[in-house]
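Structure first, then comments.
Chains as they are written, first to last, in the working numbering: chain A, 1 to 284; chain B, 1001 to 1286; chain C, 2001 to 2274.
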C-alpha cells in the first residue's frame, strides 16, 4: 500500500472565530497503480485532503504513511515526499514564471538537487509526455494557448518523476477537446508509466470513464471509497450531497423502473448502449 | 427591429514584433452575418480560440470591427457617440467572477452601474433592490463578495448589469470557472431573466448542456459561424459537432449511438426524460 | 500570521461611532494623531487617554480585538523603544556591561512607546468602525476642494477602494502560488538572504502576472458598466451630516480646546514635573 491515512483530522484556524473541522477522521489506503477519482462539492474538504498527501498541510491529528514510512516522523524528508507525490493545483498555468517553457519545467528537478544534465533530461521527457512539441521549448510560457500552458505546468510536476500524481480539476475552463487531451495524457501516464493517479473533478462523466475507485467527500468526511460503479448505485445519496451520477445512470435507472430488464451498472455511453440493445434483444 | 445585427463582420488581431513590424495577422472573426431578435435566448458555442469571445466584445463596443458593421438596437458600434448608449443597452457579464466585482459590499457593487449612468439616489436603491431580488441574492446584500460562492458572485455580477436596465445581456463564458452547482444556479437565473424580464440573452459557452433550452444556437469555428439552428437541429448532427472540438450531452450521445446501432429513435434527443420516452416507444414498436 | 493583522479591518457592530459620518471620524483621527506629538509631559497624555478610552467605550469593539492590532507592529514597537532606551546620550542611570540606560533615553523611550501605541490604536479604531468604502467616500468628499488644483481625487479614492477589494484575493493567491511552487520543491524558508530573495522570483512573477490580468479584466468590466470617471456620477450612498455628526464635531472642538489649554499650561512650565 502506497498511501495510508489513519484517522486524519484537520482543524483549520484553531482557537479563532474561523475555526472549522475541515477533515474528520479520514482513513483510507491507496495501492500502487490505482486510478482514484475524488469528488465532492466545493468546500467539502477535497483540496485540504490532497494537500495532506504531499505534506503541504500538516494534520491536526492522525498519521499518514507513504511507502510504509510515517511522514510525520522526525527527520522525514518532506522535499523527497513532494517529488514522489506530485500535486498539480487547479489552474496550474498560474504558477508559470520562467522566460522559456523549458526553463520553467526544469525548475522542479533542479530544486531536487539533481545535476543539470539529469534535470534537463527529465524536463525534456516530461514535455514530450504531455505532448508539447520541440519548437515550443524556447517560447515564453505566457505566449502559449490556455491548453498548452496547462500542459506545460503539468510537465513541471511530471519532471520530478512522481510515483503518485494528484490533479486538482485539471480540465477546469478548458473546452471539450482540451479536456479530452489532458485526460488522455493522464490515462497514458497511468497505463504506460504505472503512475498512481488521483483525479479531483466535478465531472461524473469523466470519473465514470477513467476511475477504478471513487472517493466522495462531504462536509469533511470521506463518505465513500468504493469502486466507481458501486458509488453511482447510490446516486440518490449523492444528490443529497449536491452531487450527481452520470446522465446514463439516470437513464438506466428510469428504464429499470419502467420494467426493463437492464442492469444499472452502466456508467459510460458504450456500456449503456450495449446494455440497452441486449435488453431489447432479450425482450423480443 | 432586431436587437443585434452583424453584417460582414470581421476582426483582425495584428501582432507586432519589438520593432513594430507586423509579425502576423490573425483573423479572429471572419465575415459573420447574423441577426438576433429582441427577447430571444441565443447561445454561441465554440471551442477556445473559435472567436466567440471576440464577437461578444464587439456587441459591447469593447472591440470595433476591422471590416463590416455591427448594430445594437439600431446603433452602429463604430460610431463613438453611441458608445455609452450601447453599453447601457447591451450589458456584459464576464468569465471570472472575482475580476468584475468592484465594490466591497454586494449592494454597492450592484449600484455601481446606475451610479455611472448618473441615476438619482432613490432610483438607484430601487433598482439595486429589484435586481438583487431578480437573481435571488437580496438576503446577501450586505455581505462582502469575498464571502460568496462562485455562482453567487456571478449572480451579483448579473444583478449589476440588470440594474442598468439593459435590453440585452451578453454573457461571456459565465460558468467556465464554476462548479456544477454554481453553473446550475447561474444558468437557471439567466433563463428566468429571459422569460420574466424579457431580456434578450446572448450566452457564450462551451458547456453543451447549458444551451438545450435556448431559442437558437450558433456554432463558431475559426472565426466563422459554421452551424446555426435550434438546439434540437444542432444536436442531431453529433459527428459535425465533435468535428468542431465540441461535444454533446451524454444522453444525446447515447441516443445517437443507439440510432447508429439501428434503433428507431428520433433525432436530437436532449434530456434523460426524452430518451427514456423514446426508448419506451421503440420497445412498444418491436 | 496574516490573520493576526487587524489593522485596516472592519469590525461590524452597531454603535454611535460606526454610524458617524466618515468625514467626522477622519478629522477626529487626524486631530488625535497631531495631539499625540504635542506634549512633553505626561499630564497631556491623561487628556489624550480619557478621550481615547471614551471613544473605545462608545465603539462597542472589544478591547481584546483592538489590542490584537498591536501584535502586528510589535516588532516596530520594540525596535523603537529599544533604540530610544539604549542608544540615546544623557546622564547614565543604569549600567550593566555594555548596556547603559540614560535618563534621557528612558524618558524618550517611554514617550515614543506611548505615542506609537496611541497612534496605532487610534487609527485602527477608525478602520474598525468605518468600512473601507465609507472611508474612501469620506476621503473623496473631504478632499474634493483639491480638485481645483488638479488633484484627481475621485480617481485616487476609486483606486483605494479597488485595492481594498483585491488585497484579500491577492493574499489568497500568494498562498496558492507558494504552495504550488513548494509542490515543485521550491524552498522559501532556508538559505541566506540572497538565496531567499532569489527564491521569491517564482512567487512574485506569477503574482504580478495575475495582478495585471485582474487589473485588465477589471478595467474592461468597469468600462462595460459605463464607468467614465467621476464626472456625471451619482452616489448610491451620498454622505450627508446628521445631528450626531454635529455633536461629534462639537466634542472634537472641545477636545481641541482642552489639549491647547494643556499645552499652554505645559508651556508656562506649570506641568513640567507632573
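Ideal placement from N, C-alpha and C gives every residue a C-beta, glycine not left out.
Here the structure is a predicted model, which is why all the values come from computation and not from measurement.
Starting from residue i, find everything on chain B with Cβ-Cβ shorter than 8 Å and list it in chain order.
i, result
"residue 258(A)", "1276, 1280"
"residue 2132(C)", "1104"
"residue 283(A)", "1283, 1286"
"residue 210(A)", "Near residue 210(A) there are no residues of chain B at all, since even the closest Cβ is about 15 Å away, more than 8 Å."
DSSP has residue i in a bridge; who is on the other side?
i, result
"residue 227(A)", "213(A)"
"residue 1010(B)", "1067(B)"
"residue 21(A)", "11(A)"
"residue 1168(B)", "1090(B), 1200(B)"
"residue 168(A)", "200(A)"
"residue 2072(C)", "Beta-bridge pairing links residue 2072(C) to no other residue."
"residue 99(A)", "DSSP output for residue 99(A) lists no bridge partner at all."
"residue 2096(C)", "2099(C)"
"residue 1045(B)", "1205(B), 1219(B)"
"residue 5(A)", "28(A), 64(A)"
"residue 36(A)", "198(A), 213(A)"
"residue 1016(B)", "1022(B)"
"residue 1036(B)", "1004(B)"
Which chain A residues sit within Cβ distance under 7 Å of residue i?
i, result
"residue 2176(C)", "89"
"residue 1206(B)", "175, 176"
Do residue i and residue j have their C-beta atoms closer together than 7 Å?
i, j, result
"residue 159(A)", "residue 126(A)", "yes"
"residue 953(B)", "residue 1036(B)", "In the structure as shown, chain B begins at 1001 and stops at 1286. Residue 953(B) is therefore absent and cannot be evaluated."
"residue 1064(B)", "residue 1078(B)", "yes"
"residue 46(A)", "residue 38(A)", "yes"
"residue 2116(C)", "residue 2077(C)", "yes"
"residue 197(A)", "residue 50(A)", "no"
"residue 2226(C)", "residue 1070(B)", "no"
"residue 273(A)", "residue 1258(B)", "yes"
"residue 1250(B)", "residue 143(A)", "no"
"residue 2131(C)", "residue 2010(C)", "yes"
"residue 63(A)", "residue 6(A)", "yes"
"residue 1153(B)", "residue 1114(B)", "no"
"residue 1034(B)", "residue 1056(B)", "no"
"residue 1104(B)", "residue 1149(B)", "no"
"residue 2159(C)", "residue 1111(B)", "no"
"residue 2210(C)", "residue 21(A)", "no"
In chain B, what lies closer than 7 Å to residue i by C-beta?
i, result
"residue 177(A)", "1047, 1245"
"residue 269(A)", "1250, 1253, 1254, 1257"
"residue 2152(C)", "Going along chain B, no residue has its Cβ under 7 Å from residue 2152(C), so there is no contact; the nearest lies around 17 Å."
From this set, the options, which residue's C-alpha is nearest residue i's C-alpha?
i, options, result
"residue 1094(B)", "1205(B), 1258(B), 1193(B), 1200(B)", "1205(B)"
"residue 2164(C)", "1146(B), 1171(B), 1217(B), 1156(B)", "1146(B)"
"residue 1032(B)", "1050(B), 1112(B), 1040(B)", "1050(B)"
"residue 1041(B)", "1088(B), 1054(B), 1015(B), 1211(B)", "1211(B)"
"residue 2252(C)", "2217(C), 2176(C), 2013(C), 2020(C)", "2020(C)"
"residue 193(A)", "129(A), 249(A), 151(A)", "129(A)"
"residue 2135(C)", "2255(C), 2239(C), 2249(C), 2268(C)", "2239(C)"
"residue 1275(B)", "43(A), 131(A), 107(A), 255(A)", "255(A)"
"residue 2015(C)", "2047(C), 2054(C), 2048(C)", "2054(C)"
"residue 78(A)", "4(A), 233(A), 249(A), 52(A)", "52(A)"
"residue 65(A)", "30(A), 121(A), 146(A), 212(A)", "30(A)"
"residue 2018(C)", "2060(C), 2047(C), 2052(C)", "2060(C)"
Just the chain C side, please: which residues come within less than 7 Å of residue i by C-beta, in chain order?
i, result
"residue 83(A)", "2185"
"residue 56(A)", "2179, 2182, 2183"
"residue 1113(B)", "2225, 2226"
Find the residues of chain A that neighbour residue i, judging by a C-beta separation of less than 8 Å, and give them in chain order.
i, result
"residue 2201(C)", "97"
"residue 1261(B)", "273, 277"
Could you name the residues of chain C that residue i contacts, counting a contact when the two beta carbons are closer than 9 Å?
i, result
"residue 1094(B)", "2217, 2220, 2221, 2224"
Run down chain C in chain order and give the residues with a C-beta less than 8 Å from the C-beta of residue i.
i, result
"residue 157(A)", "2183, 2184"
"residue 1164(B)", "2225, 2226"
Starting from residue i, find everything on chain B with Cβ-Cβ shorter than 9 Å and list it in chain order.
i, result
"residue 145(A)", "1048, 1049"
Taking C-beta pairs closer than 9 Å, name the residues in chain A that residue i reaches, listed in chain order.
i, result
"residue 1177(B)", "91, 172, 173"
"residue 1097(B)", "In chain order: nothing, as chain A lies at least about 12 Å away."
"residue 2124(C)", "Correct list: empty, because the minimum Cβ distance to chain A is about 18 Å."
Between residue i and the ligand SAH, is the CB less than 6 Å from at least one heavy atom?
i, result
"residue 85(A)", "Because no ligand of any kind appears in the structure shown, any question about the ligand SAH cannot be addressed here."
Exercise. What residues in the stretch 2164-2198 of chain C bring their beta carbon closer than 9 Å to a beta carbon of chain E?
Worked result: No chain E appears in the structure shown, which is made up of the protein chains A, B and C.
Exercise. On the three-pair Cβ rule with 8 Å, is the stretch 240-248 of chain A touching the stretch 204-224 of chain A?
Worked result: Contact holds: three or more Cβ-Cβ distances are below 8 Å.
Problem set entry | the stretch 2145-2165 of chain C contacting the stretch 2036-2047 of chain C, beta-carbon criterion three pairs below 8 Å | With a cut-off of 8 Å, the stretch 2036-2047 of chain C and the stretch 2145-2165 of chain C do not count as touching, because too few Cβ pairs lie within range.
Exercise. Does the stretch 1158-1178 of chain B come close enough to the stretch 1120-1131 of chain B to have 3 or more Cβ pairs within less than 8 Å?
Worked result: Contact between the stretch 1158-1178 of chain B and the stretch 1120-1131 of chain B is present, because at least three Cβ pairs lie under 8 Å.
For this session: Count the CB pairs spanning the stretch 82-99 of chain A and the stretch 2172-2189 of chain C that are closer than 8 Å, and state whether there are at least three.
Result: With the cut-off at 8 Å, the stretch 82-99 of chain A and the stretch 2172-2189 of chain C touch.
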